[in-house]
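Structure, rendered in structure tokens:
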């Protein structure tokens, strides 16, 4: 059983990490190059493959869908910001469905307050950084996703922190768009924060699914 789990798990994760590192080191190449888009989207699509083949459980399928839609957003945003943002919006909505379906039965007061802070604070931060109303609309859904992740039964040290890393990467994008931070600062931080967040989310959800099935 252990050998089978390793066979199922590591090729997909290793491929995703390798593609993500390749994209990060080569991302200063000419934007819009198809091979660069393939590296970017492929790294997240590998996470979707990992989740899809790790288990037939509906939560595994759910997080696989979140990753696949995110990969589509990674590709689309290289050519059209609105199209890319729309895919990521759909990805966040799919994640909210997944997290609310797995809501923690009795979250503590501090957990509820943290979720509320994300729900309200993320769009506020987006406005202060970008002054863009469309960014605020997107950030409202982003904050709801992070808050739902924090209140889910999944590990906050993996899925919860993964969602927070995603939020941090997007806030850096808003800061770049609003001129709050220069490209020299944001360019090397956005991708590792984003990909680390996605990695933690998918492995956290699949870890919980595997524990459920083992039990």
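Residue numbers (the numbering used here): 6 to 220. Here a beta-carbon is modelled for each residue, glycine too, at the ideal position from N, C-alpha and C. Computed from a prediction, not measured in an experiment: that's the story for all the values here.
Nonlocal neighbours in the same chain, by C-beta distance under 6 angstroms from residue i, ignoring five residues either side
i: residue 80; result: 42 and 46
i: residue 104; result: 153, 154 and 157
i: residue 187; result: none
i: residue 209; result: 159, 160, 163 and 164
i: residue 179; result: 131, 134, 135 and 140
Residue i versus residue j - alpha carbon distance
i: residue 122; j: residue 203; result: 21 angstroms
i: residue 55; j: residue 23; result: 14 angstroms
i: residue 173; j: residue 220; result: 35 angstroms
i: residue 136; j: residue 183; result: 7 angstroms
i: residue 86; j: residue 96; result: 15 angstroms
i: residue 27; j: residue 44; result: 7 angstroms
i: residue 171; j: residue 199; result: 5 angstroms
i: residue 128; j: residue 119; result: 15 angstroms
i: residue 138; j: residue 144; result: 10 angstroms
i: residue 93; j: residue 207; result: 16 angstroms
i: residue 14; j: residue 50; result: 14 angstroms
i: residue 6; j: residue 134; result: Only weak support is given to the placement of residue 6: the predicted model assigns it a pLDDT of 45, under 50, and the value that follows is read from those uncertain coordinates. Approximately 49 angstroms, taken between the alpha carbons.
i: residue 106; j: residue 114; result: 20 angstroms
Reference residue i, options the options, closest by Cα
i: residue 257; options: 215, 71, 205 and 216; result: Because the chain in this structure spans residues 6 to 220, residue 257 falls outside the shown range and cannot be described.
i: residue 160; options: 148, 133, 118 and 214; result: 214
i: residue 125; options: 196, 141, 99 and 216; result: 141
i: residue 32; options: 16, 196 and 131; result: 196
i: residue 131; options: 111, 30 and 181; result: 181
i: residue 166; options: 115, 185 and 151; result: 151
i: residue 212; options: 68, 78, 110 and 88; result: 68
i: residue 164; options: 109, 194, 113 and 218; result: 109
i: residue 30; options: 217, 112 and 193; result: 193
Beta-carbon proximity check, residue i vs residue j, cutoff 8 angstroms
i: residue 21; j: residue 48; result: yes
i: residue 75; j: residue 82; result: no
i: residue 98; j: residue 72; result: no
i: residue 57; j: residue 66; result: yes
i: residue 25; j: residue 101; result: no
Residue i: CB within 7 angstroms of a non-hydrogen atom of the ligand GDP
i: residue 56; result: The ligand GDP is absent from the structure shown, which contains no ligands of any kind.
Contacting residues, own chain, Cβ-Cβ under 7 angstroms from residue i (five flanking each side not counted)
i: residue 147; result: 97, 127, 172 and 175
i: residue 18; result: 55
i: residue 116; result: 155 and 156
i: residue 169; result: 151
One or two residues paired with residue i in a DSSP bridge
i: residue 108; result: 157
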